[in-house]
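Contents: one structure, followed by commentary.
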Amino acid sequence: MSDERLKIDVDRCTACGACVEACPFGALKLERVAAVDLLRCTLCGACVEVCPTDAISRTERAPVGVTGDSWRDVWVFVEIEGAHIHPVVWELLGEGRRLADALGERLCAVLLGNQVRGLADRLVAGGADRVLVVDRPTLACFQDEPFAAVLAELVNRHRPAILLCGATNVGRSLIPRVAILTGAGLTADCTALAIDPQTRHLLQTRPAFGGNILATIECPVARPQMATVRPKVMQPLAVDLARSGEVQVEEVAAAMLAARAMRIGYTPEASGTASIAEADIIVAGGRGMQKAENFQLLEKLAHVLGAGLGATRAVVDAGWMPYSRQIGQTGQTVCPRLYIACGISGQIQHLAGMSSSEIIVAINKDPEAPIFKTATYGIVGDAVSLVPMLTQAFLDA
Amino acid sequence: MHIIVCIKQVPDTADVKINPQTHTLVREGVRAIVNPFDLYAVEEALRLREKFGGRVTAISMGPPQAEQALREVLAMGVDEAKLLSDRAFAGSDTWATSYTLAMAIRRLGGAAVILFGKQAADGDTAQVGPGVAAHLDLPQITYVRRIVTVENGGDGTPPSSTMNVAPNTMPGAFLVAERMLENGFETVRTPLPCVLTVVREINDPRLPSLAGVLRARQAPVPRWGAQDLAAEPAKLGLDGSPTRVVRIFPPKSRMGGVMLEGSPATVVAALAQKLKDAGIESSRGGAAARRIGSAGD
C-alpha cells in the first residue's frame, strides 16, 4: 500500500501486544508482528505512545494550503432567546478571553438577532474586545439556515482563527452547518481548550465512547478552528463594566436571510423546577424510587435547593417522567455543581450523562450499585425515606 | 416517497471497559451494534413508509463488518441497504463523513426525507446529520421528537415511489415536526426534501420479525466505494478531514468517594453538613438554579 499512514517497523516489533491493547478501535492485531487494519485505524496515536521499542510511527500529512497565519482572533457566537443571553455565552467569553490572551489576539462576540444592538455592551463587560452585530427582523428567532449563512459570511469576511459556540440544541444544530460551509474543522462538546505554545493551534479535548475516554483533537490547517462547549464547563469572567470594546454593525445580503424551515410555534415546558441543562444542582431519580408518586419527594427537595429535577432512562421509559428530564447517553448530558442520585444504580449510559458533576451524592439500597464507585458521598439506604429527611435538614438550616 | 436513513455501527458502550493497568479500552467481547439513536430514525422511516407508501433505503459508512448493522435494519423492514466502504474513507472525521454520505444520497436520488439519529454513541458529536444537510443544501430540523404532518404536495395524488426529483424541487411538499429545545419544544415547518435528526422520544423501535431476519440474511448489500460516488478524493478520508486526533487518554477517575454510615438520621445530618460546607444551601424559589437570562443580574 503506497500511502501507509501508520507504519510498523517489523525489525523493531517484538510482538509484545501492547499496541493491540492500547488501540481503542481494534485496528491492531498480532500476527508474526503487529499488523494494522487501515480501515479501522484513525491515526489517534495511542499505539505509538505505548510501543516500548518505538516500532510504530505515524506519517504526518503535509499541510495543504495556507496555514492559519492570516486568520486571527477568537470568536464567540452569542446564543440568545429574545433579549436574554444564554448563560453559556459568559462561560465562552471567559474561556475565549484566556485563549485570546494566550495568542495575543482579540476576543470578538458575534451577535445575530433583531433589535439586539443594546446587548453589545454587556458582551464587552463580559470580556469581549469587539462585538459584531447583524441586526435584522428575520433573525428574530434562531433558524438554522439563515444563521448558518450569515455566520459563514462573517467568518469568510473577517477570518477568525477560532470560533466557539455553546453545545446547546441551538449550537449543535448551527455550527456543523457553518463548518461545512466554511470548510472548517469542528470539535463538539469540548471539556478543555488550550493553545499549543509551539504551534499556536487550539488543542480541543472532549469525551468519547460515552465518556469512557478523552480525546485531544486539533485542526492543523483548516480555519477557523471551531469548537462547541457544554454549559457549565468553562468559567466566566467577572463582569467588568469599565471594560471598553468596539461594536461593529455588519450588513449582509438579504438573500442570506432566506429560511426554508420556519418556526410556527413554541411550547414551553410547564415545570416548577429549573431546566436541568443549566442547573447548578440536580436531584435525579431512578427506578429505586419505586413509583411515580415518589418523585414528588424529589421535587420537594429540588424546590428547597433550587435544583433541576432529572431522571434515568428507566424512569422515562416507565412513563414516570417526561423525556426532557432524561439524563444519560440517550438523554441530556449535565454538569452541575451537585448531583443527587436517588435510587439510581449507575449504569454506564447514565454515568455518561452526569459523571463530570462536581459533587455526586448517591442514595441506593444496594451496596454493590455501580454508582457508589463514582459518588463523592454514598449512602446505602432507601431514598424514599431518606430524601424527605434531607429536605427537612435543609429547611431547618 | 423515498426515505433514506443513515446508520452507523458502533461499539456497545455498555460493554466498553477500561483496562485497569494500561488505562485503555478493552475491545474483546465488545459487541458491535446499530447506534441506538439510529434505531429511532429507522423506525420513523418505516412509519413514514407505512403512511405514505414508497421505500426506505438505509446507508452506512464503515468497515466491511458494518454490513451486519445494515442487515439488522433490513430485518426491521427497510427495503434496501447500501454499504459505503473503501480504504479511501478511512480516517474520516465528521466533515469527510458527512461529505461521503451526502455524495451517496445524491447518487441514490429522489429522497424526500433523510433521517439520522441525533448522535453516535462512540463519537457523540451530533455533527453528521446537520453536516449532510449543509453539503446537500437542504433544510434541517434537529432534535425531532415528533413528526406532526407530512404533506407530499403536488396535485394531491399519493406519493409515488417512482418519483425521482432532485433536492430542492418538490413543490408544495412540506413536513411539520416538533423540535426539542432545552426548555420546551418548537414546531417547525419545512419544505421537502429535508434532513431530520431524531431523539429517543419519537417512537419505540419495532423488533425484527423472524421473517424479516431470514429475508435480511439473503438480501444483497451492495458496497459502494469512492469510485461509485463521483467524490472528490481530497474531500474523503484522512485528506478530507480538517480535524485529527492528537491523543487519547482515560479520564481521571474520581477520587475520594466516601460512604456515610450510621442511622438514617446520622447519615442525613452528615450529608447535609458536608453539602453546607461545600456551599450548598436551601434557596428560596429556585434562585440558585440558573435559567436563560441576562448576565450580571
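Residue numbers (the working numbering), protein chains in the order written: chain A, 87 to 483; chain B, 646 to 942.
In this text, a Cβ means the ideal position worked out from N, Cα and C, and glycines have one as well.
Everything numeric in this text was worked out from a predicted model, so none of it was measured.
Cβ separation of residue i and residue j, assumed to be a contact under 8 Å, to the nearest whole Å
i              : j              : result
L323 (chain A) : L179 (chain A) : 6 Å
I266 (chain A) : A864 (chain B) : With 8 Å as the limit, I266 (chain A) and A864 (chain B) do not qualify as a contact, their Cβ atoms being about 32 Å apart.
L383 (chain A) : V470 (chain A) : 7 Å
E385 (chain A) : L395 (chain A) : 6 Å
I449 (chain A) : I465 (chain A) : 5 Å
P867 (chain B) : K727 (chain B) : 6 Å
V160 (chain A) : A104 (chain A) : At roughly 39 Å, the Cβ-Cβ gap does not stay under 8 Å, so V160 (chain A) and A104 (chain A) are not in contact.
V840 (chain B) : Y788 (chain B) : About 12 Å separates the two Cβ atoms, so there is no contact after all.
I430 (chain A) : A370 (chain A) : 6 Å
Coarse secondary structure for residue i, derived from DSSP in three states
i              : result
Q290 (chain A) : strand
V150 (chain A) : Since pLDDT at V150 (chain A) reaches only 47, below the 50 mark, its modelled position is unreliable, and the value read off the structure follows with that caveat. Coil at V150 (chain A), not helix or strand.
D767 (chain B) : coil
V420 (chain A) : coil
V821 (chain B) : strand
P836 (chain B) : strand
D800 (chain B) : In this prediction, D800 (chain B) has a pLDDT of 40, which is less than 50 and means its spatial position is unreliable; nothing more can be read from the coordinates.
E454 (chain A) : coil
K919 (chain B) : helix
V62 (chain A)  : No answer is possible for residue 62 (chain A): the residues shown for chain A start at 87 and end at 483.
R98 (chain A)  : coil
E177 (chain A) : helix
E827 (chain B) : coil
H647 (chain B) : strand
V758 (chain B) : strand
H780 (chain B) : helix
K115 (chain A) : strand
I465 (chain A) : strand
T49 (chain A)  : The structure shown has nothing for residue 49 (chain A), since chain A only spans 87 to 483.
H170 (chain A) : strand
S143 (chain A) : strand
Q785 (chain B) : strand
K93 (chain A)  : strand
V202 (chain A) : coil
P812 (chain B) : Reliability of the predicted coordinates at P812 (chain B) is poor, the pLDDT of 48 falling under 50, and no value is obtained from them.
Q478 (chain A) : helix
N676 (chain B) : Rather than Asn, the amino acid found at residue 676 (chain B) in this sequence is Arg. R676 (chain B): coil per DSSP, three-state reduction.
I652 (chain B) : strand
M440 (chain A) : helix
G707 (chain B) : coil
Partners in chain A for residue i, counting only beta-carbon separations shorter than 9 Å
i              : result
Q713 (chain B) : Within 9 Å Cβ-Cβ: nothing; Q713 (chain B) doesn't reach chain A, min ~15 Å.
I648 (chain B) : Simply none; closest approach about 18 Å.
M825 (chain B) : N255, Y409 and S410
Beta-carbon neighbours of residue i, restricted to chain A and to distances below 7 Å
i              : result
M706 (chain B) : The premise fails here: M706 (chain B) is roughly 11 Å from chain A at the closest Cβ pair, so nothing lies under 7 Å.
D767 (chain B) : A294 and F295
L728 (chain B) : By Cβ distance, chain A contributes nothing, its closest Cβ being about 12 Å from L728 (chain B), past 7 Å.
A861 (chain B) : Simply none; closest approach about 23 Å.
G870 (chain B) : Here the premise fails: no neighbours, minimum Cβ distance about 12 Å.
V843 (chain B) : Residues of chain A passing the Cβ test: none, with the nearest at roughly 11 Å.
N828 (chain B) : P354, E355 and S361
Under 8 Å from the C-beta of residue i: neighbouring residues of chain B
i              : result
D275 (chain A) : D769 and T770
S471 (chain A) : P909
Chain-ordered neighbours of residue i on chain B, where CB pairs are closer than 7 Å
i              : result
D230 (chain A) : Q785
V164 (chain A) : The premise fails here: V164 (chain A) is roughly 11 Å from chain B at the closest Cβ pair, so nothing lies under 7 Å.
C102 (chain A) : By Cβ distance, chain B contributes nothing, its closest Cβ being about 12 Å from C102 (chain A), past 7 Å.
L384 (chain A) : Result: empty, since nearest Cβ-Cβ is about 14 Å, beyond 7 Å.
Proximal residues of chain A, C-beta to C-beta of residue i below 8 Å
i              : result
I750 (chain B) : Those do not exist, as I750 (chain B) stays about 14 Å from chain A at its closest Cβ, beyond 8 Å.
F682 (chain B) : T416
Contact list for residue i against chain B, beta-carbon separation under 9 Å
i              : result
P283 (chain A) : Neighbours of P283 (chain A) on chain B: none; closest Cβ ~14 Å, over 9 Å.
T302 (chain A) : V890, V891, R892, I893 and F894
Residue i CB to nearest heavy atom of the ligand SAM below 6 Å
i              : result
S156 (chain A) : As far as ligands go, the structure on display features none, and thus does not contain the ligand SAM.
Practice prompt. Could you list the residues in the region 249-263 of chain A with a C-beta less than 7 Å from some C-beta on chain B, going in chain order?
Written response: Cβ contacts with chain B come from T254, N255, R258, S259, P262 and R263.
Worksheet item: Mind pulling the alpha helix (DSSP H) runs of 4 or more residues that sit fully within the region 855-910 of chain B?
Response: As far as the region 855-910 of chain B is concerned, its whole alpha helix (DSSP H) runs of at least 4 residues are 855-863.
Worksheet entry | Proximal residues, the region 330-356 of chain A versus chain B, C-beta separation under 7 Å | For the region 330-356 of chain A, which is checked against every Cβ of chain B, the residues closer than 7 Å are R346, A347, M348, R349, I350, G351, Y352, T353, P354 and E355.
Discussion item. Counting only Cβ-Cβ distances shorter than 9 Å, please list the residues of the region 899-917 of chain B near chain A, keeping chain order.
Written reply: Per Cβ criterion, the list reads R899, G901, G902, V903, M904, L905, E906, P909, A910, V912, V913, A914, A915, L916 and A917.
Worksheet entry | Contact set between the region 873-893 of chain B and chain A, restricted to residues whose Cβ is under 9 Å from the partner | Listed by position, the residues of the region 873-893 of chain B near chain A (Cβ gap below 9 Å) are A879, L883, D884, S886, P887, T888, R889, V890, V891, R892 and I893.
Worksheet item: What are the residues of the region 438-463 of chain A that lie near chain B, defined by any Cβ-Cβ distance shorter than 8 Å?
Response: The region 438-463 of chain A vs chain B, Cβ under 8 Å: A438, S441, I445, I446, V447, F458, K459, T460, A461, T462 and Y463.
Worksheet item: Could you give the uninterrupted runs of the beta strand (DSSP E) lying entirely in the region 347-400 of chain A, keeping only those of 3 residues or more?
Response: Whole beta strand (DSSP E) segments, 3+ residues: 348-354, 367-371 and 394-397.
Worksheet item: Of all the residues that make up the region 104-117 of chain A, which are near chain B by a beta-carbon distance shorter than 9 Å?
Response: Within the region 104-117 of chain A, the qualifying residues are A104, V106, E107, A108, C109, P110, F111 and G112.
Item to complete: Write down every uninterrupted run of the beta strand (DSSP E) in the region 274-343 of chain A whose length is 3 residues or greater and which is fully enclosed by it, in chain order.
Response: With a minimum length of 3 residues, the continuous beta strand (DSSP E) runs that stay inside the region 274-343 of chain A are 278-281, 288-294, 299-304, 311-315 and 332-335.
Practice prompt. Could you run through the region 123-137 of chain A and flag, in chain order, every residue whose CB is less than 9 Å away from some CB of chain B?
Written response: Going along the region 123-137 of chain A in chain order, one finds D123, L124, L125, R126, C127, T128, L129, C130, G131, A132, E135 and V136 with a Cβ nearer than 9 Å to chain B.
Worksheet entry | Residue ranges of each alpha helix (DSSP H) within the region 212-287 of chain A, 4 or longer | You should have 230-244 and 255-268.
Worksheet item: Going along the chain, which residues of the region 302-319 of chain A sit with their C-beta nearer than 8 Å to a C-beta in chain B?
Response: Within the region 302-319 of chain A, the residues whose Cβ lies closer than 8 Å to any Cβ of chain B are, in chain order, T302, I303, E304, C305, P306, V307 and A308.
Practice prompt. Please name the residues in the region 731-745 of chain B whose beta-carbon is closer than 9 Å to at least one beta-carbon of chain A, in chain order.
Written response: If you check each beta-carbon in the region 731-745 of chain B against every beta-carbon of chain A, the ones closer than 9 Å belong to D731, R732, F734, A735, G736, S737, D738, T739, W740, S743 and Y744.
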